[in-house]
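Just so you know, we're using the working numbering here: the sequence shown kicks off at 531 and counts up by one.
Let me begin by presenting the structure, written as structure tokens, before commenting on it.
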Amino acid sequence: MALLVKNIGTIVGIDRNCRERVCGAEMDCMERLDNAWLIADNGIIKGFGPMSVCPDSEGYEVIDAASGMLLPSYCDSHTHIVYAGSREQEFLDKIHGLSYEQIAQRGGGILNSADRLHATSEDELFRQAMVRIDEIIAMGTGAVEIKSGYGLTTEDELKMLRVIRRISDSSPLTVKATFLGAHAVPKEFKGREDEYVDKVCNEMIPAVAAENLAEAVDVFCDRGFFTVEQTRRIVSRGAEFGLKAKIHANELDFSGGVQLGVEMGALSVDHLESSGLAEIEVLKGSKTMATLLPGAAFFLGMNYPPARDMIASGLAVALASDYNPGSSPSGNMRFVTSLASIRMKMTPTEALWASTLNGAAAMGISERYGSITEGKVANFFITKPMPSFEFFTYAYNTPLIERIVLNGREVKR
Ligand code: NIG
Ligand code: FE
């Protein structure tokens with residue numbers, strides 16, 4: 531049955547032109563419609579308009595928005611949601627003064643998660659991940675990218691990717707899978723990093739492609755992890771199998787990952803805490819999305835990326851949660867937008883485009899997701915009545931999400 535949402539206080543995030551992304555100064559402009567209705571049929575937005583000409587309710591399932599606002603669901607383009615257990619011991623280590631890199635060097639960090647994942651069955655991994663999936667759905671996310679990268683052996687990477695596929699099959703979220711075999715060098719390859727890269731290229735990528743388990747390939751291109759040359763090899767090999775690139779770049783240092791990502795036509799370069807004029811210059815005129823993860827900068831106490839300079843240079847900027855056990859144990863995209871406003875001086879409007887349409891573009895799905903547009907998938911949520919749209923970002927911890935619709939169906943919680 532088709533769905534009619536009526537008495538909407540304001541529809542936010544309307545994009546009538548179905549843009550692929552929103553860039554520069556345009557990021558601070560957003561069409562809204564007050565006192566409105568919206569119809570979804572067969573999972574697709576069929577139309578919307580003012581209540582003065584609301585269609586008759588007969589034959590529709592009706593949601594009364596009771597003057598709440600309707601926002602497009604978040605498109606979280608960078609997460610590591612499939613992991614085993616948690617790492618609050620490292621949280622304590624950080625409190626006592628160790629850095630993220632020092633923890634990694636002591637065998638903590640990603641390698642710690644890899645050990646835990648190895649010892650956890652596929653079913654249990656799926657069960658743990660689904661708890662996080664339900665959590666992010668309740669917080670307004672409608673599409674999510676999930677990376678492997680806590681396996682670091684062919685078998686365990688495939689195990690992670692199969693769990694991601696299962697999530698995709700069994701939740702109303704739209705899920706994009708990314709192979710991140712080059713997330714860290716496993717212990718047994720210490721001092722033989724290039725041999726691990728050989729294994730990623732010659733064994734893992736073909737195995738992932740044979741089961742069609744990922745759409746993209748990612749590499750942690752940063753100080754102490756993988757070099758630009760190693761990243762280039764992996765990205766090129768992925769391209770042979772039709773995998774698009776998404777690169778972890780410039781989190782810990784000026785790694786050269788941004789330049790490489792643009793050169794290789796990556797969908798996105800992500801993190802960018804260490805970015806200056808050279809990185810912004812190279813991103814200008816490219817289609818590679820600058821994806822910022824302020825939740826990681828917040829959790830690790832790092833500098834925030836220069837979002838204002840990026841937007842002033844005309845770049846498109848996306849925001850994502852980086853939900854993972856080490857550097858961002860939260861998938862709360864609304865908090866990410868508040869952090870973007872508070873710490874990177876992005877306006878709530880810029881932050882909403884960055885976390886919806888531009889996030890969708892960073893996953894290659896903005897044709898169908900990321901805005902309120904006729905013909906796009908009906909993914910949105912309805913808030914309690916609010917004095918303004920900005921209130922949602924400002925009152926960052928007040929529970930405001932009332933109802934959630936994914937694929938044109940209300941998600942019962
Ligand atoms: O995006 N930077 C690399 N990977 C993750 C952290 C993963 C972890 O610590 O488990 C990130 O921050
Ligand atoms: Fe990450």
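Even for Gly, the Cβ is constructed at its ideal location relative to N, Cα and C.
From a predicted model like this one, the values you see are computed outputs, not experimental measurements.
Which same chain residues end up closer than 6 Å to Leu533 when comparing Cβ atoms and leaving out the 5 residues on each side of it in sequence?
On the sequence shown, residue 533 is found 3 positions in, with the first residue counted as 1. Same-chain partners within the cutoff: Ala570, Glu591, Gly938.
For the pair the segment 644 to 652 and the segment 628 to 635, tell me if three or more CB-CB distances fall below 8 Å.
Verdict: no, contact absent.
Buried or exposed: where does Pro835 fall if 16 or more other Cβ atoms within 10 Å of its Cβ makes it buried?
Taking the sequence shown and counting its residues from 1, one reaches residue 835 at position 305. That one is buried.
Whose C-beta lies closer than 7 Å to the C-beta of Ser607 among residues of the same chain, with five residues either side of it excluded?
Locating residue 607 in the sequence shown gives position 77, counting from the first residue. Excluding residues within five positions, the ones whose Cβ falls inside 7 Å are Glu675, Ser798, Thr821, Ala848, Ala850, Gly889, Ala892, Met893.
Please tell me whether, using a cut-off of 8 Å, the distance from the CB of Asp606 to the nearest non-hydrogen atom of ligand 2 is below it.
Numbered from 1 along the sequence shown, position 76 holds the residue referred to as residue 606. No.
Classify Asp686 as buried or exposed, calling it buried when 16 or more other Cβ atoms lie within 10 Å of its own Cβ.
The residue labelled residue 686 in the question sits at position 156 within the sequence shown. Buried, because 16 or more other Cβ atoms sit within 10 Å of the Cβ of Asp686.
Let me confirm a value: His626 is counted as buried when at least 16 other C-beta atoms fall within 10 Å, else exposed. Which label applies?
Walking along the sequence shown from the start, residue 626 turns up at place 96. Exposed.
Which partner residues of Ala848 appear in the DSSP bridge assignment?
As a working note, residue 848 is residue 318 in the sequence shown. Partner(s): Thr821.
Taking the alpha-carbon positions, what's the Arg692 to Lys776 distance?
For the purposes of this step, residue 692 is taken as residue 162 along the sequence shown, with counting starting at 1. For the purposes of this step, residue 776 is taken as residue 246 along the sequence shown, with counting starting at 1. Using only the alpha carbons, I get a separation of about 20 Å.
Would you check if the distance between the CB atom of Gln619 and the CB atom of Gly638 is smaller than 9 Å?
Residue mapping note: residue 619 aligns to position 89 of the sequence shown, counting from 1. Residue mapping note: residue 638 aligns to position 108 of the sequence shown, counting from 1. Yes, Cβ-Cβ distance for Gln619 and Gly638 is below 9 Å.
What does the Cβ neighbour count give for Ala925, buried or exposed, with the cut at 16 atoms within 10 Å?
The count along the sequence shown starts at 1 and reaches residue 925 at position 395. Exposed, because fewer than 16 other Cβ atoms sit within 10 Å of the Cβ of Ala925.
Please confirm whether any heavy atom of ligand 1 lies closer than 8 Å to the CB of His648.
Position 118 of the sequence shown holds residue 648. No, the beta carbon of His648 sits no closer than 8 Å to any heavy atom of ligand 1.
Can you give the beta carbon distance from Arg933 to Phe911, rounded, assuming they're within the 8 Å contact cut?
By one-based count along the sequence shown, residue 933 stands at place 403. By one-based count along the sequence shown, residue 911 stands at place 381. The Cβ separation is near 7 Å, so the contact holds.
Between the segment 875 to 886 and the segment 568 to 583, do three or more beta carbon pairs fall short of 8 Å?
Contact between the segment 875 to 886 and the segment 568 to 583 is absent, because fewer than three Cβ pairs lie under 8 Å.
Helix, strand or coil: which one does DSSP assign to Arg873?
As a position in the sequence shown, residue 873 is number 343, starting the count at 1. Here Arg873 sits in helix by DSSP.
Please state whether DSSP places Cys751 in a helix, a strand or coil.
Along the sequence shown, one-based indexing puts residue 751 at 221. Looking at Cys751 - three-state DSSP - the assignment turns out to be strand.
Closer than 8 Å to a non-hydrogen atom of ligand 1 - does that hold for the CB of Phe621?
As a position in the sequence shown, residue 621 is number 91, starting the count at 1. No.
If the criterion is Cβ atoms closer than 9 Å, does the pair Cys548 and Glu897 meet it?
In the sequence shown, the residue the question calls residue 548 occupies position 18. In the sequence shown, the residue the question calls residue 897 occupies position 367. Yes. Within cutoff.
Leaving aside the five residues before and after Tyr726 along the sequence, list all residues of the same chain whose C-beta is less than 7 Å from its C-beta, in chain order.
Sequence index remark: in the sequence shown, residue 726 carries index 196 (1-based). Val715, Pro716, Phe719, listed in sequence order.
Let me know the beta strand (DSSP E) ranges lying completely inside the segment 728 to 777, each 3 residues or longer, listed in chain order.
Runs found: 746 to 751.
Using the C-alpha atoms, what's the distance from Glu759 back to Leu782?
What you label residue 782 is simply residue 252 of the sequence shown in a count that begins at 1. What you label residue 759 is simply residue 229 of the sequence shown in a count that begins at 1. Their Cα atoms are separated by approximately 17 Å.
For Glu793, list the residues DSSP reports as bridge partners.
Along the sequence shown, read from residue 1 onward, the residue named residue 793 stands at position 263. Its beta-bridge partners do not exist; DSSP assigns none.
For a minimum of 4 consecutive residues, which ranges assigned as the alpha helix (DSSP H) are wholly contained in the segment 627 to 667?
Within the segment 627 to 667, the complete alpha helix (DSSP H) runs of at least 4 residues are 630 to 635, 639 to 648.
Going by C-alpha distance, which of Phe919, Thr903, Thr886, Gly905 is nearest Val552?
Here the question's residue 552 lines up with position 22 in the sequence shown. Here the closest residue by C-alpha is Thr886.
Short check: CB of Met863 to CB of Met669, under 9 Å?
By one-based count along the sequence shown, residue 863 stands at place 333. By one-based count along the sequence shown, residue 669 stands at place 139. Yes.
Among residues of its own chain, excluding the 5 on either side of Glu491, which ones have a beta-carbon nearer than 6 Å to its beta-carbon?
Here the chain comprises residues numbered 531 to 943, so residue 491 is not present and cannot be evaluated.
Using a Cβ-based criterion (distance less than 8 Å to any ligand heavy atom), does Gly679 qualify as near ligand 1?
For the purposes of this step, residue 679 is taken as residue 149 along the sequence shown, with counting starting at 1. Gly679: yes, Cβ under 8 Å from ligand 1.
Taking Val765 as the reference, which of Val792, Glu741, Ala740, Leu743 has the closest Cα?
The residue labelled residue 765 in the question sits at position 235 within the sequence shown. Measuring from the Cα of Val765, the nearest candidate turns out to be Val792.
Rounded to whole angstroms, what's the CA-CA distance from Ser918 to Ala846? Just pull it up for me.
What you label residue 918 is simply residue 388 of the sequence shown in a count that begins at 1. What you label residue 846 is simply residue 316 of the sequence shown in a count that begins at 1. Those two C-alpha atoms are separated by around 25 Å.
Could you check where the beta strand (DSSP E) with Arg549 kicks off and where it finishes?
Taking the first residue of the sequence shown as 1, we reach residue 549 at position 19. Taken as a continuous stretch (DSSP letters only), Arg549 belongs to no beta strand (DSSP E), as it is neither H nor E.
Check whether the Cβ of Leu601 sits closer than 8 Å to any heavy atom of ligand 1, and report yes or no.
Here the question's residue 601 lines up with position 71 in the sequence shown. False, no ligand heavy atom lies under 8 Å from that Cβ.
Secondary structure at Leu563, three-state DSSP: helix, strand or coil?
On the sequence shown, position 33 is the one that residue 563 refers to. Residue state, collapsed to three classes: strand.
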